[in-house]
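Peer 1: Sequential numbering from 4 applies to the sequence shown in this note's numbering.
Where is the CB? At the ideal position from N, CA and C, for every residue including glycine.
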Amino acid sequence: METDKDNYGRLNFVSSTTTNASSSFGGENATSNSTITQIPNAAMGPIIPEKGYLVEEIRDNLYWVTDGSYNTMFLVTDEGIVAINAPPSIGQNYLNAIAEITDKPITHVIYSHAHLDHIGAAGIFPKNATYIAHQDTSAELKRAMSLAKNDSTIPPIPTISFPNNYMLQIGNQTLNLDYYGDNHMPGNLFIYAPNQKTLMLVDVVFPGWVPFVYLAIAEDVAGFIKAHDIALNNYDFDTFVGGHLTRLGTRDDVITQQEFVSDLEKAAGKANSEVQFSDIAKQVGRFDNPWLLYSKYIDALDKNCVETMLSKWEGRLGGAQEFMSTHCFAMTEAGKVNPSVNAILQNNTMIASPN
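1) Buried or exposed for residue 82, please, with buried defined as at least 16 other CB atoms from any protein chain shown within 10 angstroms of its CB.
2) With distances taken from CA atoms, which of 99, 158, 120 and 118 is nearest residue 130?
3) Hey, could you find the ends of the beta strand (DSSP E) residue 278 is sitting in?
4) According to DSSP, simplified to helix, strand and coil, what is residue 260?
5) Work out the CA separation of residue 143 and residue 149 for me, nearest whole Å.
6) Enumerate in chain order the residues of its own chain whose CB-to-CB distance from residue 343 is below 7 angstroms, with the five nearest sequence positions on each side excluded.
7) Taking all protein chains shown into account, decide if residue 269 is buried (16 or more other Cβ within 10 angstroms of its Cβ) or exposed.
8) With H, G and I counted as helix, E and B as strand and the rest as coil, what does DSSP make of residue 109?
9) Leaving out five residues on either side along the sequence, give the residues of the same chain with a beta carbon under 6 angstroms from the beta carbon of residue 338.
10) In this structure, how does DSSP classify residue 332 when only helix, strand and coil are distinguished?
11) Would you mind giving the Cβ-Cβ distance between residue 264 and residue 231, rounded to the nearest angstrom? I have them listed as a contact below 8 angstroms.
12) In whole angstroms, what is the alpha-carbon distance linking residue 169 and residue 64?
13) Do the stretch 112-126 and the stretch 74-93 meet, that is, are 3 or more Cβ pairs less than 8 angstroms apart?
14) Nearest CA to the CA of residue 205: which residue from 218, 199 and 197?
15) Applying the criterion that 16 or more other CB atoms from any shown protein chain within 10 Å of the CB defines a buried residue, is residue 328 buried or exposed?
16) Could you tell me whether any non-hydrogen atom of the ligand HEM is closer than 8 angstroms to the CB of residue 221?
17) Return the chain-ordered list of same chain residues with a C-beta closer than 6 angstroms to the C-beta of residue 300, the five sequence neighbours on each side being excluded.
18) Would you say the stretch 285-303 touches the stretch 180-189, given that touching needs at least three Cβ pairs under 8 angstroms?
19) From the DSSP secondary-structure annotation, give me the bridge partner or partners of residue 86.
20) Return yes when the Cβ of residue 254 is within less than 9 angstroms of the Cβ of residue 240, no when it is not.
21) Does DSSP put residue 164 in a helix, in a strand, or in coil?
22) Apart from the five residues on each side of it in sequence, which residues of its chain come closer than 6 angstroms, Cβ to Cβ, to residue 140?
23) Could you give the DSSP three-state label for residue 205: helix, strand or coil?
24) Any idea if residue 192 is buried or exposed, counting beta-carbon neighbours within 10 angstroms, 16 or more meaning buried?
25) Is residue 295 buried or exposed, if buried means 16 or more other CB atoms sit within 10 Å of its CB?
26) As a quick exercise: from 288, 323 and 167, pick the residue whose alpha carbon is nearest that of residue 135.
27) Would DSSP call residue 97 helix, strand or coil?
28) If you check the beta carbons only, do residue 66 and residue 45 fall under 9 angstroms apart?
29) Check the C-beta distance from residue 70 over to residue 93 and give it rounded, since I have them as a contact under 8 angstroms.
30) Going by DSSP, name the residue or residues bridged to residue 236.
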């Protein structure tokens, strides 16, 4: 998709957090006090109009909608609209965006996964639409429905669910919905528009930015790592839709985050190798409070990993300074408890340079 570079905003990421608030995102290296971090050019997105959203065609009747924080896409077919997700931050403006393009009805709704920040506004769509999702997403929404005292807050239960793959073909338009196992969470789909060479994978790759905290709160870190390889090896795409932040992505953005994650694997492996719990325990000198020992141990791991990562990535991706500590924690901890991640870190451990 052609983008007018002159139309890109110039933003400053302003973080006004207290020391206590920032500590909830990691160890002693988490950002504290008021800081202003210049955003890299790679993180810049188009200016959002005063109406609160931007809608643009990607290619061949596939459109994306964004409010600068969340984004999604919809497909115009001969029969009607296929809407993908319904972020509450966009909400009613999603319908406004569609109405700018066409007056055709919304006939199908696809859920990428069950997280409410992406599908929580699905109640704005017609009740008689066909709702499609992976079977794990359907199961999670049914569980939520059974727990909720007010089911109006739960997105509509999918009318079609599937275990692995589903092809939605309407006229000459096609969407492939593929599942390869857990990544961000169970049921998170690869959504591919082959005619438009566009891939949507939500909450995994964040074009121009580091992921949200703790590798986007990945429930399966090994699956999160593998998702980058699947995207690049299994799909021929030029445009990438990630569900969050400022802009559309490209294949190069996925390659860049794959490099980031690979470096994080190495940095976490290096930290786990160089920082020994027994050494930290001796420094603390107290053994009656195990959580104090582990807290200091985590801080030391964090410092080692963060310094390694920021030396390369600060200024290259947005949010590196703010969230790097959380990513280091996610990867170092997964490397200790998850056999698959442990094997990955063992294979990629950096060898410390001799003093």
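Peer 2: Inspection of the coordinates gives the following:
1) Translated into the one-based positions of the sequence shown, residue 82 becomes position 79. So residue 82 ends up on the exposed side.
2) Position 127 of the sequence shown, counted from the start, is the residue given in the question as residue 130. Out of 99, 158, 120 and 118, 158 has the C-alpha closest to the C-alpha of residue 130.
3) Numbered from 1 along the sequence shown, position 275 holds the residue referred to as residue 278. Element bounds for residue 278: n/a, residue is neither H nor E.
4) If you number the sequence shown from 1, residue 260 lands on position 257. Residue state, collapsed to three classes: helix.
5) Locating residue 149 in the sequence shown gives position 146, counting from the first residue. Locating residue 143 in the sequence shown gives position 140, counting from the first residue. Going by the C-alpha atoms only, they are around 10 angstroms apart.
6) Stepping through the sequence shown from its first residue, residue 343 is reached at position 340. For residue 343, where only same-chain residues beyond five positions count, the Cβ hits under 7 angstroms are 225.
7) Here residue 269 is taken as the residue at index 266 of the sequence shown, counted from 1. Buried: at least 16 other Cβ atoms inside 10 Å.
8) Here residue 109 refers to the residue found at position 106 when the sequence shown is read from its first residue. Reduced to three states, the DSSP call for residue 109 is strand.
9) Looking up residue 338 in the sequence shown gives position 335. Cβ neighbours of residue 338 beyond the five flanking positions: 271, 275, 344, 345 and 348.
10) Taking the sequence shown and counting its residues from 1, one reaches residue 332 at position 329. Looking at residue 332 - three-state DSSP - the assignment turns out to be helix.
11) Position 261 of the sequence shown, counting from 1, holds the residue named residue 264. Position 228 of the sequence shown, counting from 1, holds the residue named residue 231. For residue 264 against residue 231, the beta-carbon gap comes to about 6 angstroms, under 8 angstroms, which counts as contact.
12) Your numbering for residue 169 matches position 166 in the sequence shown. Your numbering for residue 64 matches position 61 in the sequence shown. As the crow flies, the alpha-carbon of residue 169 is around 21 angstroms from that of residue 64.
13) A contact exists between the stretch 112-126 and the stretch 74-93.
14) For this step, residue 205 is matched to residue 202 along the sequence shown. Checked all of 218, 199 and 197; the closest Cα to residue 205 is 218.
15) Start at 1 with the first residue of the sequence shown, and residue 328 comes out as number 325. It is buried - the Cβ of residue 328 has at least 16 other Cβ atoms within 10 Å.
16) What this structure holds is no ligand at all, so the ligand HEM is not there to describe.
17) Here residue 300 corresponds to residue number 297 of the sequence shown, with the count starting at 1. Leaving aside the five residues that flank residue 300 on each side, the residues in its chain whose CB is nearer than 6 angstroms to its CB run, in chain order, 280 and 283.
18) no
19) Taking the first residue of the sequence shown as 1, we reach residue 86 at position 83. For residue 86, which the question treats as bridged, DSSP gives the partners 77 and 112.
20) Position 237 of the sequence shown, counting from 1, holds the residue named residue 240. Position 251 of the sequence shown, counting from 1, holds the residue named residue 254. Yes.
21) Here residue 164 corresponds to residue number 161 of the sequence shown, with the count starting at 1. If DSSP states are grouped into helix, strand and coil, residue 164 belongs with the strands.
22) Your numbering for residue 140 matches position 137 in the sequence shown. So the qualifying residues of the chain are 114, 116, 117 and 190.
23) Looking up residue 205 in the sequence shown gives position 202. Coil, per DSSP.
24) Taking the sequence shown and counting its residues from 1, one reaches residue 192 at position 189. Looking at its Cβ environment, which holds 16 or more other Cβ atoms inside 10 Å, residue 192 is buried.
25) As a first step, residue 295 must be located in the sequence shown, where it is residue number 292. Residue 295 should be labelled exposed.
26) Within the sequence shown, numbered from 1, the residue matching residue 135 stands at position 132. The shortest C-alpha separation from residue 135 is found at 167.
27) Position 94 of the sequence shown holds residue 97. Helix at residue 97.
28) For this step, residue 66 is matched to residue 63 along the sequence shown. For this step, residue 45 is matched to residue 42 along the sequence shown. No. Outside cutoff.
29) Taking the first residue of the sequence shown as position 1, residue 70 is located at position 67. Taking the first residue of the sequence shown as position 1, residue 93 is located at position 90. The Cβ separation is near 5 angstroms, so the contact holds.
30) Within the sequence shown, residue 236 is the residue found at index 233, counting from 1. Listed as beta-bridge partners of residue 236 by DSSP are no residues whatsoever.
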